[in-house]
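S.K.: Counting from 26, one number per residue, gives the positions in the sequence shown under this note's numbering. Glycine is no exception: its CB is placed at the ideal position from the N, C-alpha and C atoms. Below are the C-alpha cells for one structure; questions will follow.
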Amino acid sequence: MMFRFSFVFTLFFLAATSTNAQVVLQTRQFKIGLSKEGRLTELTSPATGMNYLPAGQDACLLCIKSGNKMIAPDAMLTNYKLLNP
Numbered sequence: 026m027m028f029r030f031s032f033v034f035t036l037f038f039l040a041a042t043s044t045n046a047q048v049v050l051q052t053r054q055f056k057i058g059l060s061k062e063g064r065l066t067e068l069t070s071p072a073t074g075m076n077y078l079p080a081g082q083d084a085c086l087l088c089i090k091s092g093n094k095m096i097a098p099d100a101m102l103t104n105y106k107l108l109n110p
C-alpha cells in the first residue's frame, strides 16, 4: 500500500506537464504520454530513450467493452490544478 501511494505521489508531483496536444506524466524511471483523446502516445524509459509503445499501434489508456465491441474514449479531461498545484 505504501509503495502504491509513493508511486502515485511521485508520478503527480515530480513531473506532470502538458502541451497543446498532449499530457506527459514522468518519473525518473518512466514517461507516459497521452493525447487529448486519451490515447497513449509514448511509454518511454528516460534512461534508455526506448519507447515501449509499438509504432502505429492504437492504444487507449482506458477502453470499455460492451458485448463484443471495444469503445475507445473520444476525449480526455484533466484537472490541471490537481496536476500543477
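(1) Excluding five sequence neighbours on each side, which residues of the same chain lie with their C-beta closer than 7 Å to the C-beta of residue 32?
(2) DSSP three-state label for residue 95, please.
(3) Could you check the C-alpha separation between residue 97 and residue 71 for me, to the nearest Å?
(4) Where DSSP assigns a beta bridge to residue 47, which residues make up the other side?
(5) Suppose you measure from the CA of residue 55 to the CA of residue 64; what does that come to, to the nearest Å?
M.R.: Let me spell this out:
(1) Bear in mind that a pLDDT of 42 at residue 32, under 50, signals an unreliable position, so the number given afterwards is only what the model happens to contain. Once the five neighbours on either side are set aside, residue 32 has no close Cβ partner at all.
(2) strand
(3) Cα to Cα, residue 97 sits roughly 28 Å from residue 71.
(4) 60
(5) 17 Å
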